[in-house]
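Q:
6 protein chains.
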Amino acid sequence: MKTKVAYFGESWFNPAQEALRLKGTEAMKANPTIDWDNSFVPIDHQYKGLLVSENPELLADKEWQLATFNADVQGMNNSDIVVAMYDPKMENSDPGVVWELGYAYGLHKAVYVVLPDEVEEDMNLMPAMGATQIMKVSDLATFDFNKGVYAIFDGAVY
Amino acid sequence: MKTKVAYFGESWFNPAQEALRLKGTEAMKANPTIDWDNSFVPIDHQYKGLLVSENPELLADKEWQLATFNADVQGMNNSDIVVAMYDPKMENSDPGVVWELGYAYGLHKAVYVVLPDEVEEDMNLMPAMGATQIMKVSDLATFDFNKGVYAIFDGAVY
Amino acid sequence: MKTKVAYFGESWFNPAQEALRLKGTEAMKANPTIDWDNSFVPIDHQYKGLLVSENPELLADKEWQLATFNADVQGMNNSDIVVAMYDPKMENSDPGVVWELGYAYGLHKAVYVVLPDEVEEDMNLMPAMGATQIMKVSDLATFDFNKGVYAIFDGAVY
Amino acid sequence: MKTKVAYFGESWFNPAQEALRLKGTEAMKANPTIDWDNSFVPIDHQYKGLLVSENPELLADKEWQLATFNADVQGMNNSDIVVAMYDPKMENSDPGVVWELGYAYGLHKAVYVVLPDEVEEDMNLMPAMGATQIMKVSDLATFDFNKGVYAIFDGAVY
Amino acid sequence: MKTKVAYFGESWFNPAQEALRLKGTEAMKANPTIDWDNSFVPIDHQYKGLLVSENPELLADKEWQLATFNADVQGMNNSDIVVAMYDPKMENSDPGVVWELGYAYGLHKAVYVVLPDEVEEDMNLMPAMGATQIMKVSDLATFDFNKGVYAIFDGAVY
Amino acid sequence: MKTKVAYFGESWFNPAQEALRLKGTEAMKANPTIDWDNSFVPIDHQYKGLLVSENPELLADKEWQLATFNADVQGMNNSDIVVAMYDPKMENSDPGVVWELGYAYGLHKAVYVVLPDEVEEDMNLMPAMGATQIMKVSDLATFDFNKGVYAIFDGAVY
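Protein chains in written order, with the working numbering: chain A, 2 to 159; chain B, 2 to 159; chain C, 2 to 159; chain D, 2 to 159; chain E, 2 to 159; chain F, 2 to 159.
1. Residues of the segment 124 to 155 of chain C in Cβ contact with chain F at a cutoff of 7 Å, in chain order, please.
2. Using a Cβ-Cβ cutoff of 9 Å, what residues of the segment 56 to 83 of chain E are near chain B? List them in chain order.
3. Ignore the nearest five residues each way along the sequence and tell me which others in Lys3(F)'s own chain have a CB closer than 8 Å to its CB.
4. Mind checking if Asn93(C) is an interface residue toward chain A, Cβ cutoff 9 Å exclusive?
5. Just the C-alpha distance for Phe144(C) and Thr26(C), rounded to the nearest angstrom, thanks.
6. So, with DSSP's three-state summary, where would you put Gly103(D)?
7. From Lys5(F) to Met127(B), what distance separates their C-alpha atoms?
8. I think Asp118(B) touches Lys137(B), with their Cβ atoms under 8 Å apart; what is that distance to the nearest whole Å?
9. Please check the pair Ala68(E) and Leu102(E), which I expect to be a contact at CB under 8 Å, by giving their CB distance rounded to whole angstroms.
10. Which residues bound the beta strand (DSSP E) around Ala152(A)?
11. In or out: Ile135(D) buried (at least 16 other Cβ within 10 Å) or exposed?
12. Does Met49(E) have its Cβ less than 9 Å from a Cβ in chain D?
13. Can you list, in chain order, the residues of its chain with a C-beta nearer than 7 Å to that of Asp36(F)? Leave out the 5 residues immediately preceding and following it.
14. Give a yes or no on whether the C-beta atoms belonging to Lys110(C) and Ile153(C) are separated by under 9 Å.
15. For Val42(A) and chain B, any beta-carbon pair shorter than 9 Å?
16. I think Tyr87(E) touches Leu116(E), with their Cβ atoms under 8 Å apart; what is that distance to the nearest whole Å?
17. Would the beta-carbon of Val112(D) fall within 9 Å of that of Ala85(D)?
18. Can you name the residues of chain F whose CB is closer than 7 Å to the CB of His109(C)?
19. Hey, Ala28(B) and Lys90(B): beta-carbon distance below 9 Å or not?
20. Rounded to whole angstroms, how far is the Cβ of Glu11(A) from the Cβ of Pro43(A), which I believe are closer than 8 Å?
21. Using a beta-carbon distance below 9 Å, is Val112(E) in contact with chain B?
22. Restricting to Cα atoms, I'd like to know which of Asn125(C), Leu52(C), Arg22(C) and Phe70(C) is closest to Tyr151(A).
23. DSSP state of Met91(B), grouped into three classes?
24. Can you tell which of Leu51(F), Tyr8(F), Tyr159(F) and Asp45(F) has the C-alpha that lies nearest to the C-alpha of Asn79(F)?
25. Let me make sure I understand the geometry here. Which of Gly50(B), Pro96(B) and Ala157(B) has the alpha-carbon closest to that of Asp123(B)?
26. What residue range does the beta strand (DSSP E) around Met2(B) cover?
27. Mind listing the chain E neighbours of Val115(F)? Cutoff is C-beta to C-beta under 9 Å, in chain order.
28. By how many angstroms is the C-alpha of Tyr159(D) removed from the C-alpha of Gly50(C)?
29. For Ser40(A), which of Ala72(A), Gly76(A) and Gln66(A) has the nearest alpha-carbon?
30. Per DSSP, Asn127(B) forms a beta bridge with which residues?
31. Our contact map puts Val99(E) next to Trp100(F) with C-beta atoms below 8 Å; I'd like the distance itself, whole angstroms only.
32. Hey, is Thr4(D)'s beta-carbon within less than 9 Å of any beta-carbon in chain E?
33. So, under 8 Å CB-CB, Asn125(E) and Gly107(F) are touching, yes? Tell me the CB distance rounded to an integer number of Å.
34. Is it buried or exposed for Asp95(D), if we count other Cβ within 10 angstroms and need 16 for buried?
35. Using a Cβ-Cβ cutoff of less than 8 Å, which residues in the same chain neighbour Ala31(B) once the five nearest sequence positions on both sides are dropped?
36. Quick check: the Cα distance between Glu55(A) and Arg22(A), rounded to an integer number of angstroms?
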């Protein structure tokens with residue numbers, strides 16, 4: 002079976018994000034249409050292996066900032082598709098992931114948004130309409146990423 | 002003096018966003034390097050003149066969603082630059098504006114992020130590094146948009 | 002053997018177009034370098050499964066128009082190559098297919114134009130020079146799409 | 002008043018096309034928002050000044066074909082907007098113009114389609130939805146090209 | 002008269018390059034179709050104002066390298082055209098300028114190559130064919146950059 | 002194992018370039034992550050099979066120039082990655098290869114630069130920072146091209 006190399010959009014700044022990230026990681030590993038080994042996982046490619054959460058001095062380190070940004074951008078450029086774990090709840094909505102959704106759309110790349118199962122929030126219009134498909138995380142493991150078919154988000158937007 | 006046609010990134014979903022939007026609008030009108038008359042202001046181009054805030058049934062109207070999304074995307078395509086009012090505070094960070102920052106960067110377009118004066122929050126790495134310049138709203142009226150020079154954000158990122 | 006995911010440019014508005022479409026479909030299915038199962042066939046992705054030919058009220062339905070257009074555009078974005086059935090005879094030349102050829106060229110994507118075997122018409126300069134290769138439909142089943150090599154159209158143009 | 006540099010999409014292969022081309026040319030010259038002197042008019046930039054209609058041997062001249070194609074493509078690249086005279090009647094629909102509409106859309110460029118006044122034909126979905134605005138030729142002289150606002154075609158499509 | 006904002010491709014690594022750079026600078030300042038004040042001149046935008054030639058330790062400074070690279074790339078993104086001083090003589094051919102010519106062509110941007118007057122070298126095929134126009138530096142001051150017309154290099158290539 | 006289709010950047014204008022080209026060719030053939038059969042090798046796609054080195058009259062043949070240029074550009078467009086043999090020594094630095102590196106970066110494509118083993122020259126900033134990875138030719142046969150991860154050049158730049 003064919004497999005796609007994904008850029009894995011993910012957030013790790015609060016427990017809800019972390020929970021979605023871990024569920025999503027398991028589902029991606031289980032998905033037979035994903036080439037997980039060659040996929041780009043941002044947390045594994047922070048410059049020099051340093052995470053801001055453990056090295057707060059990086060917050061102001063321009064070399065770290067530029068190198069990590071460029072690596073993430075190239076990670077998207079060099080992947081077949083973007084699959085982003087995204088929780089639209091205001092306190093969980095990660096601007097990094099949303100920026101990546103817009104960037105990938107601008108590159109005419111297939112973009113998949115993966116929501117938590119229990120989400121009841123509406124989504125913003127731009128990431129909602131700009132996605133190739135939007136799904137719940139419990140559907141991620143069995144989704145067929147080999148079919149790049151546009152399906153309009155059927156939830157509510159603001 | 003030369004002037005630039007801007008796509009004006011803006012949010013109107015809570016009072017803090019609304020305050021920044023109004024301050025930003027005044028500053029853009031006052032800026033001699035901005036062609037405000039020909040700039041694209043999203044709130045003025047909602048499909049058929051309908052706003053979700055006043056017409057909640059639009060939340061689920063696919064025609065309105067698609068037409069408004071396409072109009073916003075074309076608004077960015079057809080502008081010289083993107084100037085976005087953006088408050089990085091979690092409760093004010095608008096995913097629509099952040100998506101637009103990523104999209105415009107993907108199109109190799111100049112992107113300017115305008116923060117509230119009083120902001121003390123760090124910014125996410127992607128919108129911070131992906132901006133041509135980042136400024137406070139009180140500097141907006143006098144900023145020279147004719148010089149598209151990259152200046153790295155000097156604040157902290159996460 | 003490697004296979005390519007194609008966007009299948011096709012027309013179904015008159016018998017000559019329909020005949021070419023059906024011959025082309027058979028050839029694509031037979032071609033060992035095409036991943037037909039994952040290819041995008043526009044007639045299978047009309048919004049809500051509705052065809053204008055059977056539902057003439059769609060001619061003026063904005064939601065159907067926008068959703069079908071966006072789906073076709075994403076179909077091209079998310080495919081490896083575009084393979085278009087195209088008859089340059091004035092009465093068979095489908096503007097939809099020609100628009101797609103131009104769009105795909107603008108995205109730096111490989112574009113293959115498949116002509117009817119019996120065509121004696123010249124081609125317009127733009128779709129002719131903008132194609133990676135141009136072939137007759139009887140050559141389609143055995144063409145090797147894994148080699149993306151440019152070969153200038155050897156017919157006449159206007 | 003600001004002016005836009007246009008790529009002028011035009012056809013000269015039959016009398017109806019020629020009539021539309023001439024009307025459109027007059028209207029463009031009269032439009033105060035168009036920089037006609039610097040606009041790109043394809044018929045003026047055929048390679049070495051040679052037209053196929055007067056030099057039929059060019060039909061098969063590869064140097065002429067490549068050079069004219071590349072010049073037209075650069076003409077679009079280097080213009081602010083594309084303004085195309087287009088008659089959707091089957092016998093007048095020029096594949097060259099339609100290809101250019103698709104190409105320009107792929108480049109995220111503003112695309113304006115100008116129809117004959119008397120047209121009663123439906124338009125194909127792709128050029129109709131992919132246009133920033135569609136107008137009649139009698140409205141061309143007074144249209145404000147400084148506002149790049151998307152307006153969905155209000156006619157019927159197929 | 003309208004003016005274009007240029008990215009000024011330039012080299013300062015040997016006396017021949019320096020001489021061409023200075024002649025080109027004077028000509029650009031004299032050209033009435035160039036907006037020199039808003040044009041991007043790389044030597045003026047080295048990160049923190051530091052030049053490698055005077056600060057050899059920058060050769061290995063990753064922050065300086067990344068920030069200067071990103072600024073140059075944005076300089077091209079945010080300019081109307083690229084005008085590059087380029088000497089094809091092997092010992093004067095600057096890879097930085099040539100890279101920029103390729104990058105700008107990939108962005109569908111107008112690219113002008115300015116040669117020394119006395120050059121007798123052939124040019125490489127890629128920068129030669131990928132340029133909108135190629136001229137001698139003595140013609141630069143009076144060239145009309147408002148007309149983005151493709152003219153094939155009439156010299157020899159290898 | 003998955004394989005990538007490469008555009009093979011190469012030079013054959015002096016013995017040092019020729020030696021690197023041959024070493025690189027062997028390494029690419031040996032690399033299990035490269036699909037060499039479907040990769041684009043420019044020297045094999047000169048228009049009509051003619052090489053300038055053996056047919057010096059091509060230096061001034063516009064048809065040959067345009068057709069070879071367009072074929073090389075399409076070769077990059079239609080490949081997964083660009084792998085370029087590049088010697089930064091002034092007398093070996095090929096402007097054609099450097100132009101291709103810039104072009105491919107502009108298309109958001111993964112770019113790999115392969116240096117001679119013995120190189121002691123610094124690299125120019127633009128091709129150095131614009132590369133996904135830079136390696137020595139003796140590492141080429143075993144490099145894993147399935148992982149498109151950005152790694153900043155660790156040598157010196159000018």
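We put the beta carbon where it would ideally sit given N, CA and C, even for glycine.
A: Straight from the coordinates:
1. Thr133, Asn147, Lys148, Gly149, Val150, Tyr151 and Ile153
2. Ala68, Asn71, Ala72, Asp73, Val74, Gln75, Gly76, Met77, Asn78, Asn79 and Ser80
3. Numbered from 1 along the sixth sequence, position 2 holds the residue referred to as residue 3(F). Cβ neighbours of Lys3(F) beyond the five flanking positions: Thr34 and Asn147.
4. Numbered from 1 along the third sequence, position 92 holds the residue referred to as residue 93(C). No, because no Cβ of chain A sits closer than 9 Å to the Cβ of Asn93(C).
5. Position 143 of the third sequence, counting from 1, holds the residue named residue 144(C). Position 25 of the third sequence, counting from 1, holds the residue named residue 26(C). Their Cα atoms are separated by approximately 14 Å.
6. Translated into positions along the fourth sequence, residue 103(D) becomes position 102. Here Gly103(D) sits in helix by DSSP.
7. As a first step, residue 5(F) must be located in the sixth sequence, where it is residue number 4. As a first step, residue 127(B) must be located in the second sequence, where it is residue number 126. Going from the Cα of Lys5(F) to the Cα of Met127(B) covers about 29 Å.
8. Counting from 1 along the second sequence, the entry for residue 118(B) is found at position 117. Counting from 1 along the second sequence, the entry for residue 137(B) is found at position 136. With a Cβ gap of about 5 Å, Asp118(B) and Lys137(B) count as contacting.
9. Here residue 68(E) refers to the residue found at position 67 of the fifth sequence. Here residue 102(E) refers to the residue found at position 101 of the fifth sequence. With 8 Å as the limit, Ala68(E) and Leu102(E) do not qualify as a contact, their Cβ atoms being about 22 Å apart.
10. Mapped onto the first sequence, residue 152(A) falls at position 151. Per DSSP, Ala152(A) belongs to no beta strand (DSSP E) and is neither H nor E.
11. Within the fourth sequence, numbered from 1, the residue matching residue 135(D) stands at position 134. Buried, by the Cβ-count rule.
12. What you label residue 49(E) is simply residue 48 of the fifth sequence in a count that begins at 1. One point to set straight first is that residue 49(E) is Lys, not Met, in the sequence displayed. So no, Lys49(E) is outside the interface.
13. In the sixth sequence, residue 36(F) corresponds to position 35, counting from 1. Within the same chain, Asp36(F) has close Cβ partners Thr4, Lys5 and Val6.
14. Residue numbering aside, residue 110(C) sits at position 109 when the third sequence is read from its first letter. Residue numbering aside, residue 153(C) sits at position 152 when the third sequence is read from its first letter. Going by C-beta atoms, Lys110(C) is not nearer than 9 Å to Ile153(C).
15. Locating residue 42(A) in the first sequence gives position 41, counting from the first residue. So no, Val42(A) is outside the interface.
16. The sequence position of residue 87(E) within the fifth sequence is 86, counting from 1. The sequence position of residue 116(E) within the fifth sequence is 115, counting from 1. Correct: roughly 6 Å between the Cβ atoms.
17. Within the fourth sequence, numbered from 1, the residue matching residue 112(D) stands at position 111. Within the fourth sequence, numbered from 1, the residue matching residue 85(D) stands at position 84. Yes, Cβ-Cβ distance for Val112(D) and Ala85(D) is below 9 Å.
18. If you number the third sequence from 1, residue 109(C) lands on position 108. In chain order: Asn78 and Leu108.
19. Taking the second sequence and counting its residues from 1, the one referred to as residue 28(B) is at position 27. Taking the second sequence and counting its residues from 1, the one referred to as residue 90(B) is at position 89. The answer is no: Cβ separation not under 9 Å.
20. Residue mapping note: residue 11(A) aligns to position 10 of the first sequence, counting from 1. Residue mapping note: residue 43(A) aligns to position 42 of the first sequence, counting from 1. Confirmed, about 6 Å.
21. Your numbering for residue 112(E) matches position 111 in the fifth sequence. By this cut-off, Val112(E) is not an interface position.
22. On the first sequence, position 150 is the one that residue 151(A) refers to. Tyr151(A) has its Cα closest to that of Phe70(C), out of Asn125(C), Leu52(C), Arg22(C) and Phe70(C).
23. As a working mapping, residue 91(B) is identified with position 90 in the second sequence. Met91(B) falls in the coil class under three-state DSSP.
24. In the sixth sequence, residue 79(F) corresponds to position 78, counting from 1. Among Leu51(F), Tyr8(F), Tyr159(F) and Asp45(F), the Cα nearest to that of Asn79(F) belongs to Tyr8(F).
25. For the purposes of this step, residue 123(B) is taken as the residue at position 122 of the second sequence. It is Ala157(B) whose Cα lies nearest to the Cα of Asp123(B).
26. As a first step, residue 2(B) must be located in the second sequence, where it is residue number 1. Premise fails: Met2(B) is in no beta strand (DSSP E) and is neither H nor E.
27. As a working note, residue 115(F) is residue 114 in the sixth sequence. The contacting residues do not exist; Val115(F) stays about 15 Å from chain E at best.
28. Here residue 50(C) is taken as the residue at index 49 of the third sequence, counted from 1. Here residue 159(D) is taken as the residue at index 158 of the fourth sequence, counted from 1. Cα to Cα, the separation comes out at about 15 Å.
29. As a first step, residue 40(A) is located in the first sequence; it is residue number 39 there, counting from the start. Nearest of Ala72(A), Gly76(A) and Gln66(A) to Ser40(A), Cα basis: Gly76(A).
30. On the second sequence, residue 127(B) is found 126 positions in, with the first residue counted as 1. Reading off the sequence shown, one finds Met at residue 127(B), where the question assumed Asn. Answer by DSSP bridge pairing: none, since Met127(B) is not bridged.
31. Indexing the fifth sequence from 1 puts residue 99(E) at position 98. Indexing the sixth sequence from 1 puts residue 100(F) at position 99. With a Cβ gap of about 5 Å, Val99(E) and Trp100(F) count as contacting.
32. Along the fourth sequence, read from residue 1 onward, the residue named residue 4(D) stands at position 3. Chain E contact via Cβ: present.
33. On the fifth sequence, position 124 is the one that residue 125(E) refers to. On the sixth sequence, position 106 is the one that residue 107(F) refers to. Actually they are not in contact, since the Cβ atoms of Asn125(E) and Gly107(F) sit about 18 Å apart, beyond 8 Å.
34. Looking up residue 95(D) in the fourth sequence gives position 94. With 16 or more other Cβ atoms within 10 Å, it is buried.
35. By 1-based counting over the second sequence, the position of residue 31(B) is 30. Result list for Ala31(B): Ala142, in chain order.
36. Looking up residue 55(A) in the first sequence gives position 54. Looking up residue 22(A) in the first sequence gives position 21. The straight-line gap from Cα to Cα measures roughly 18 Å.
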